[in-house]
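*Asks:* This is the structure I have questions about; it appears just below.
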Amino acid sequence: MDDQIEAAQCCSDTASQPSVTISDFSDEILLNILRFVPSHDLVLNVSRVCRKLRTLCQDKSLTAHINLHREYTANNEAVKHLLRKLYSEIKSLNASGCYWLAGSTLDQVTRCRSMVQLDLSGCRVTPARLSRLLSSLQSLQSLALDVGPGFDLQQLSSEGKSALARLQELKQTLLTPSYGVVPCCSALRSLRLYLEATESLQEAGGCTQLMVGQSSVPHYQSLRWFSARLAPGEINRTLLRLYLAVFSMRVPEGLTGLVLFVPGPAPLRPVAVTALTESMASYTGSTVRALQLPRTWLDGAVLGRVLAHGCPTYLNVSRCSAPGFNPLHVLLAAGCDLSPLRGLNLRGCGRGSPAESCVKGEEEMDAESVKALIESCPRLTHLNLSATHYHHSAPPGQDGHLCGALERLAHLRSLALPVCALAQRRPVPVNVTEMGADLSSGSLLLGLKKSRRIGVPTYQPEVAGGPGEDREEAAASCVRPLLKGCPHLVELELIGAGFLSAMPRNEPAIRKDPAACPWACQVGDSQLAALGNLRFLRKLTLAHLPGVLKGSGLVQLVQGCKDLQVLSLANIGSLKTVNYTQGLMEALKHCTQLRELRLEQPYFNANAVFFEALSHCQGLRRLCLVSRHGTFQPGAVVSFMQSCTEVIMCHMFMGGTLVACKTLQKTLLDSLSASRPALSVVVYPLLHEDLGCVIREMPLCHLDEITLFKSRVAEEPTVL
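Each number in our numbering corresponds to the 1-based position in the sequence shown with 763 added.
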């Protein structure tokens, strides 16, 4: 009785205490919370709540750096009000990817005379508007912009050219053959190029004009960083050669970053590249931060010279292995300290010989060298080992699995692996004799018996606690060391070696799927379920997993990874029959934090049931569906887009007639554009011959970040 009285008194005392409200938090706590609120929301809404929040919203830590990237609710009026209110405080503005902002809105940036950094990538900036901006922003040191057709450097005012001459950093996205503003930027320390020109006779003529006037491009003695990322096409390779030609005349001293990404066949190695790498290796007092070269431009001698000067922080040798050159062996034999390495891309780097039981020409991972490298790089943060095969074959009584070596990377945050890396043992060969024993030529059932699928195990549900659970436990055992040693993984990619997306860039859609690795057929629902222990996982990519039967492992995965924000699924299970549909529907109901979904699956039916399950993802912003011979229900798409008000991107490349696709696209744009300024809707037949033209008209940020499938782990240097 005394205990009950004492408990009642405690409850009474607790109830009599005043409740704690947000106004009772310290300023430091509130400022940390407000940093997660979009800038335009702070000015328009939060600052009007009370006097204390109005004062905090004016703190310089919140007003000096304005980030509008991926803030799709920031319409023109909100951004104008923001710039008028905070123009004297703003030091940096990131409006990259804000393709929906009008020119009149960007004109308000001229008021921000204290601005030091400005990123307008993806925005429509004419030469006249750029001239006004540069003339006003005399303190500008960093600039990012797009250069489109019709750009004329001569339209810039003398004040604008003087501002460019003071720039320290420049990022240019070239949508047409041009030097952009580069000829005026003689004091650059960092130059980042994104070459996105498309093939046409007019643009080829533009390259000819650049060749004539290339002597006007200045020589950069202050340059410390040079990077260029190319879209496919000969026009972009020509552009890169013209930019590199400048360095063949005079090489900058102390270059610490050289990152060149050239998809497809690269041209012959220019003389300038050899000079640049020699400069990186010979200059005393500087440390190499990043290195990436096309596969035909990098060899053991070049890599060895750079490593002799010290290991870079970021190294990308994607698909650079060749007969007589293995970058892994060069790294291990360099004799330098490899501990500074934080980002490493070994995508497609194998032994230079075809993997056993796999498609001819595909690489097999040099597992022993990878394990030795992991021991030398304990602080790796980003690691890409995809596009190779890993077939575990340890001696009896030993484990030695790759996941056991990865366990040592406690600092790992993003990882890309081939699917077969999660298989623990050699696949059991199919007994062809037994399959055909009863199919004699005299059998009455010949031609009527259903053929057995080879490579995909038959699903047999087991009783709880029975042998089935033991087999699942054994199948997932190789994943356990990875989960234990790298519990803080934020991004994970499992991509089948040899996987090719059906979604093209400039060429027609791929009509035939590559064969799956037999080892990958052993990776199924049990392994996916085990990945649910990665509690901090935010981004997940699963591509070409033929061993997934019902999708039950996907359900358990998303139930464990409650904060999953980006999910990309491609070619899961059978490619003729979507056998994991029910598991996918159930999984989507648990993805309450999902922001982006990319689903690529042949013969997928995007019906009302699918969109009803997807509607549970109320925070979804971007959706991309790619399905060869897939179908969709227009009414279900419209209902979903109306109910999920956060969705601003809906890209669907499936089957159906061109008329049906265009009708659905027009319906969505007409009904939702007024309320969603950033709305991007593209519905088009995947196998249509004009798909390439449609792709070129899409916002580049959506195309590069979600519509096109690619491995993203360690693909670009992080902030160094």
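Note that the Cβ used here is the ideal one computed from N, Cα and C, for glycine as well.
Given the structure is predicted, the values throughout are model-derived calculations rather than measurements.
1) Give every residue of the same chain whose Cβ lies closer than 7 angstroms to the Cβ of residue 885, excluding the five residues on either side of it in the sequence, and list them in chain order.
2) Can you find at least 3 beta carbon pairs, one from the region 866-886 and one from the region 836-851, that sit closer than 8 angstroms?
3) Look up residue 1145 in the DSSP assignment and say whether it is helix, strand or coil.
4) Would a C-beta distance cut-off of 8 angstroms place residue 1105 and residue 1143 closer than the cut-off?
5) Assign residue 1421 to buried or exposed, taking buried as 16 or more other Cβ atoms, counted over all protein chains shown, within 10 Å of its Cβ.
6) What's the C-alpha gap between residue 1228 and residue 993?
7) What whole-angstrom Cβ distance do residue 1175 and residue 1291 have, given they're in contact under 8 angstroms?
8) Is it true that the CB of residue 1129 sits closer than 8 angstroms to the CB of residue 1091?
9) Bridge partners of residue 707, per DSSP?
10) Helix, strand or coil for residue 925, going by three-state DSSP, please let me know.
11) Would you decide whether residue 799 is buried or exposed? Buried here means 16 or more other CB atoms lie within 10 Å of its CB.
12) Taking a contact to mean a Cβ-Cβ separation below 8 angstroms, would you say residue 1259 touches residue 1283 in this structure?
13) According to the Cβ coordinates, are residue 1417 and residue 1393 closer than 8 angstroms?
14) If you check the beta carbons only, do residue 990 and residue 937 fall under 8 angstroms apart?
15) With residue 1036 as the anchor, note down where its alpha helix (DSSP H) starts and where it stops.
16) Go through its chain and collect everything with a Cβ distance to residue 786's Cβ below 8 angstroms, but skip five positions before and after it.
17) Between 1037, 1168, 853, 1288, which lies nearest to residue 1059 when the distance is taken from Cα to Cα?
18) Once you ignore the five residues that flank residue 887 on each side, which residues in its own chain have a CB closer than 7 angstroms to its CB?
19) From which residue to which residue does the alpha helix (DSSP H) around residue 1288 run?
20) Kindly indicate which three-state DSSP category residue 1417 falls into: helix, strand or coil?
21) What does DSSP give as the partner residues of residue 842 in its beta bridges?
22) Please report the distance separating the alpha-carbon of residue 1459 from that of residue 1305.
23) When the Cα of residue 961 is compared with those of 1478, 1471, 1455, which residue comes out closest?
24) Please give the ranges of any beta strand (DSSP E) in the region 823-870, keeping only runs that are unbroken, at least 3 residues long and fully inside the region.
25) How far does the beta strand (DSSP E) with residue 1389 in it reach, from first residue to last?
26) Quick check on residue 1006: does DSSP put it in helix, strand or coil?
27) Do residue 1312 and residue 1334 have their C-beta atoms within less than 8 angstroms of each other?
28) Is the beta carbon of residue 1107 less than 8 angstroms from the beta carbon of residue 1165?
29) Which two residues bound the contiguous beta strand (DSSP E) that contains residue 1307?
30) Can you give me the C-alpha to C-alpha distance between residue 715 and residue 1062, rounded to a whole angstrom?
31) Output needed for residue 1430: all residues of its chain with C-beta closer than 7 angstroms, excluding positions within five of it in sequence on either side, in chain order.
32) Judging by CA-CA distance, which residue of 829, 1407, 1457 is the nearest neighbour of residue 1435?
33) Just to confirm the assignment, what range does the alpha helix (DSSP H) spanning residue 815 have?
34) For residue 1270 and residue 1363, what's the separation of their Cα atoms in angstroms?
35) Assuming residue 1448 is part of the beta strand (DSSP E), what are its boundary residues?
*Replies:* Straight from the coordinates:
1) 859, 860, 861, 862, 909, 1462, 1463, 1464
2) yes
3) strand
4) yes
5) exposed
6) Note that residue 1228 scores a pLDDT of 39, beneath 50, so its modelled location is shaky and nothing firm can be said.
7) Residue 1175 to residue 1291, Cβ: 20 angstroms. No contact.
8) yes
9) Lying outside 764 to 1483, the shown extent of the chain, residue 707 is not represented and no answer is given.
10) Under the three-state reduction of DSSP output, residue 925 falls in the helix class.
11) exposed
12) yes
13) yes
14) no
15) 1034-1045
16) 813, 815
17) 1037
18) 866
19) From DSSP, the alpha helix (DSSP H) with residue 1288 extends over 1288-1293.
20) In the three-state DSSP reduction, residue 1417 falls in the strand class (E or B).
21) None, per the DSSP bridge assignment.
22) 27 angstroms
23) Shortest Cα-Cα distance from residue 961 to any of 1478, 1471, 1455 involves 1455.
24) 828-830, 855-857
25) 1385-1389
26) helix
27) In this structure, residue 1312 keeps its C-beta atom at 8 angstroms or more from the C-beta atom of residue 1334.
28) no
29) 1302-1308
30) Lying before the first or after the last residue shown, residue 715 is absent from the chain, which here runs from 764 to 1483.
31) Correct list, in chain order: 1401.
32) 1407
33) 814-819
34) Each residue's Cα considered, the two are about 18 angstroms apart.
35) 1443-1448
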